[in-house]
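Just below is one structure, and these are the notes that go with it.
Residue numbers (the numbering used here): 2 to 528.
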C-alpha cells in the first residue's frame, strides 16, 4: 500500500521535473514582463490597482512594477525580492537584475534538459560570475582625484540612468539637478536631506533645485511674513495639554462664575507654557501638532512665527537641516539646541504658498521642486529622480565608473567565453551558457529599440575582439557606436550588484527540486 497522504488533504507537492519546470517558467515569465522596460527605448507599464479608487500608476521602474504584482509562483517571488533589494541597495538596475536572472534560468533549463546536474550548472555559474566581475574590475575608470572629470562622470551617469525613464527628454536639466543635490551631501548616502516636493502645474522643465529648505505649509494669520536671522525651535508637543479634557472629567460647579474661573486657569496654564517657549529667545516656532488660537495669538503678539501641524518628515528634516533638535519639554532652555537660518519667507509655487528657509546651517540640505502636468507624471518623475540620486550618492563613495549601453555585458561575455574554452568537463557548458545570458541584455536593449538585434550583437562581438574597444549599442542612431564619445556611463557598483544578485537568485531557483504547497487553514463557517 503506497503512503500517499503524509500531507494533510489539499496540500499539493510537485516533484522533480515538474517542480523545476514550474519554477523556471514562473521566473522567465516575470523576466519577460519587465524585459520591455529595459534601455533608453524601453516602454512604460500602467499598473491599475483593483482596490478602492482604482489608482493608476504609470512606471518604468522594474522594482515598482514587481512590487505591485501579486504573484502566486514561488520562484517568481525570488525575482521580485532581488529587484527590491537592488532598489534599496543601489537604486538603479532593478530591471536588469530580473532580466539577467531570467536569462540565466532560460539557459539553465536547456542544460538541465540535456541531463546536466543542477549542481554542475551552479558551480559553472559561480566560476563565470567571478570571472565576469574580474573582467569589469580590470576595465573600471576612477576619476575621483580630478574633480572636474569626476563631475562630468557623475553627469553622464545621471543622464544614462534618466535616459530610460520619463525624464529622458529633459535629462540634461535633471541630471544637473541630481548632481548638484548629491554634491551638496559631501559623500553621505543619506538622501533624507534632499527633499522632493511635487507641485502639479507647469512643465517638467520648470523643476528647480532650491538651496534651502521648503516646508509645505502656509504662514498663519497676523504673523510676520519674513524673518531674518531666524532662531528656530522645532517641537513636538501638544499645546492643549493643560486643558481639562471635557469628555473624561466631570466637574461639578455651583455657579457660572466657577466655569469662568476654570477657563481662566486653563488660559493661564497655556500662557505659562507659551512664555516658557518664548523664553528660549526664538523668533520661529515649528510644532508637529496643533497650536490653538489662543497660543497662536500670544506668539503673534511676541512677533514669533508659529507654524503648526508640520508633517513628521518635514519636522525631522527641518531639525536636521537647521541644526536644531526636536524638543518636547521647555523647562530648561539652555539644554535645547535651536536651529538657525538666515531668512524665512513665504514663496509661491504654482498656486500654493510655501515657507522657505534659506541660508541654513547644514549646507547639505536642499529641496528639489518638481513641476509637471499631472500627478502620474510627478510620481514617475520622482521615482526616476530618486533612482538617479541613489546611484549618484553611491558613486560619490565608490567612484569607479564603467561605460554603458551593453558595453560591460560584452566585456564580461568575452572573458567568460574565454574561460569556458579553458575549463574542462561539463562545467564549461554552464560557463558558456552564462556568457549567452549576458549577451541577452544588449540584445534586449536593441530589440526594445526595434533594431535588428542579431546583426548588431554579432557586429559588437567582432568589435570587442579588438583591444581597448569602447563600442556599445547606440540606440539613437540604431547602430554600433562609441560609448566613450557618447558619454554613456554606468556606476560599477550598480553593475556588480546586478551581476552578483542575479547569479545568486538563479542559483537558488536552480536548486529547487520539489514545491510543496500547504493547504490553507479552513475558516469555520460561522453561519
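Here a beta-carbon is modelled for each residue, glycine too, at the ideal position from N, C-alpha and C.
Beta carbon of residue i: closer than 7 Å to some heavy atom of the ligand SAM?
{"i": "residue 349", "result": "In the structure on display, the ligand SAM does not appear, and there are no ligands present to speak of."}
With residue i as the anchor, note down where its beta strand (DSSP E) starts and where it stops.
{"i": "residue 480", "result": "480–483"}
{"i": "residue 209", "result": "209–211"}
{"i": "residue 61", "result": "Premise fails: residue 61 is in no beta strand (DSSP E) and is neither H nor E."}
{"i": "residue 401", "result": "401–404"}
{"i": "residue 168", "result": "Careful: residue 168 lies outside any beta strand (DSSP E) and carries neither H nor E."}
{"i": "residue 47", "result": "46–49"}
How is residue i classed by DSSP in three states: helix, strand or coil?
{"i": "residue 358", "result": "strand"}
{"i": "residue 475", "result": "strand"}
{"i": "residue 141", "result": "coil"}
{"i": "residue 341", "result": "strand"}
{"i": "residue 185", "result": "helix"}
{"i": "residue 531", "result": "This structure cannot settle anything about residue 531, because the visible part of the chain is limited to 2 through 528."}
{"i": "residue 196", "result": "strand"}
{"i": "residue 1", "result": "Missing from the structure shown is residue 1; the chain here goes from 2 to 528 and no further."}
{"i": "residue 2", "result": "With a pLDDT of 49 at residue 2, under the threshold of 50, the modelled position of this residue cannot be trusted; read the value that follows with caution. Looking at residue 2 - three-state DSSP - the assignment turns out to be coil, as it is neither helix nor strand."}
{"i": "residue 116", "result": "coil"}
{"i": "residue 290", "result": "coil"}
{"i": "residue 515", "result": "strand"}
{"i": "residue 236", "result": "strand"}
{"i": "residue 228", "result": "strand"}
{"i": "residue 201", "result": "strand"}
{"i": "residue 16", "result": "strand"}
{"i": "residue 332", "result": "coil"}
{"i": "residue 177", "result": "helix"}
{"i": "residue 520", "result": "coil"}
{"i": "residue 491", "result": "strand"}
{"i": "residue 486", "result": "helix"}
{"i": "residue 218", "result": "coil"}
{"i": "residue 390", "result": "helix"}
{"i": "residue 100", "result": "helix"}
{"i": "residue 254", "result": "coil"}
{"i": "residue 348", "result": "strand"}
{"i": "residue 123", "result": "helix"}
Go through its chain and collect everything with a Cβ distance to residue i's Cβ below 6 Å, but skip five positions before and after it.
{"i": "residue 445", "result": "36 and 39"}
{"i": "residue 24", "result": "76, 510 and 513"}
{"i": "residue 92", "result": "388, 391 and 392"}
{"i": "residue 166", "result": "61 and 385"}
{"i": "residue 160", "result": "172 and 176"}
{"i": "residue 308", "result": "218 and 287"}
{"i": "residue 422", "result": "none"}
{"i": "residue 408", "result": "473 and 484"}
For residue i, I'd like the list of residues in its chain whose CB is within less than 7 Å of its CB, leaving aside the five on either flank, ordered along the chain.
{"i": "residue 394", "result": "183, 186, 190 and 192"}
{"i": "residue 1", "result": "An answer regarding residue 1 cannot be provided, because it is not within the stretch 2 to 528 covered by the chain."}
{"i": "residue 238", "result": "288, 290 and 329"}
{"i": "residue 440", "result": "410, 414 and 458"}
{"i": "residue 121", "result": "427, 428 and 431"}
{"i": "residue 500", "result": "130, 133 and 134"}
{"i": "residue 230", "result": "343"}
{"i": "residue 19", "result": "none"}
{"i": "residue 502", "result": "83, 86, 87 and 98"}
May I ask which residues mark the beginning and end of the alpha helix (DSSP H) holding residue i?
{"i": "residue 81", "result": "75–90"}
{"i": "residue 305", "result": "Run containing residue 305: none; DSSP gives neither H nor E here."}
{"i": "residue 276", "result": "257–279"}
{"i": "residue 163", "result": "148–163"}
{"i": "residue 458", "result": "454–465"}
Leaving out five residues on either side along the sequence, give the residues of the same chain with a beta carbon under 8 Å from the beta carbon of residue i.
{"i": "residue 2", "result": "At residue 2, the pLDDT of 49 sits below 50, so the modelled position is not reliable and the matter cannot be decided from this model."}
{"i": "residue 466", "result": "415"}
{"i": "residue 332", "result": "277"}
{"i": "residue 482", "result": "406, 472, 473, 474 and 475"}
{"i": "residue 461", "result": "407, 411, 443, 472, 473, 474 and 481"}
{"i": "residue 316", "result": "235, 237, 287, 289 and 327"}
Verify the CB distance criterion: does residue i have a CB-CB separation below 8 Å to chain D?
{"i": "residue 338", "result": "The displayed structure is made up of one protein chain only, and chain D is not part of it."}
Handout entry: Segment contact, 8 Å Cβ cut-off, at least three pairs: the segment 455–474 with the segment 379–391
Key = Counting Cβ pairs under 8 Å, fewer than three are found: no touch.
Exercise for the section: Say whether the segment 222–234 touches the segment 280–292, bearing in mind that this needs 3 or more beta-carbon pairs closer than 8 Å, one atom from each stretch. Expected result: Touching, per the Cβ criterion.
Exercise for the section: Taking 8 Å as the threshold, find out whether the segment 56–67 comes into contact with the segment 95–113 through three or more Cβ pairs. Expected result: Yes, they touch.
Exercise for the section: Please list the segments of the alpha helix (DSSP H) lying wholly inside the segment 422–449, counting only runs of 4 or more residues, in order along the chain. Expected result: Restricted to the segment 422–449, the alpha helix (DSSP H) segments that are unbroken, complete and at least 4 residues in length are 428–449, listed in chain order.
Practice task
May I ask you to verify whether the segment 424–435 touches the segment 106–123, counting CB pairs closer than 8 Å and requiring at least 3?
Solution key: The segment 424–435 and the segment 106–123 touch, with no fewer than 3 CB-CB distances between them shorter than 8 Å.
Exercise for the section: Kindly confirm or deny that the segment 395–409 and the segment 482–501 touch, where touching means at least three C-beta pairs closer than 8 Å. Expected result: Touching, per the Cβ criterion.
Problem - Inter-stretch contact at 8 Å, needing at least 3 Cβ pairs: the segment 135–150 / the segment 10–24 - result: Inter-segment contact for the segment 135–150 and the segment 10–24 is absent: fewer than three beta-carbon pairs are separated by less than 8 Å.
Exercise for the section: Taking 8 Å as the threshold, find out whether the segment 349–360 comes into contact with the segment 144–158 through three or more Cβ pairs. Expected result: Contact between the segment 349–360 and the segment 144–158 is absent: fewer than three C-beta pairs spanning the two stretches fall below 8 Å.
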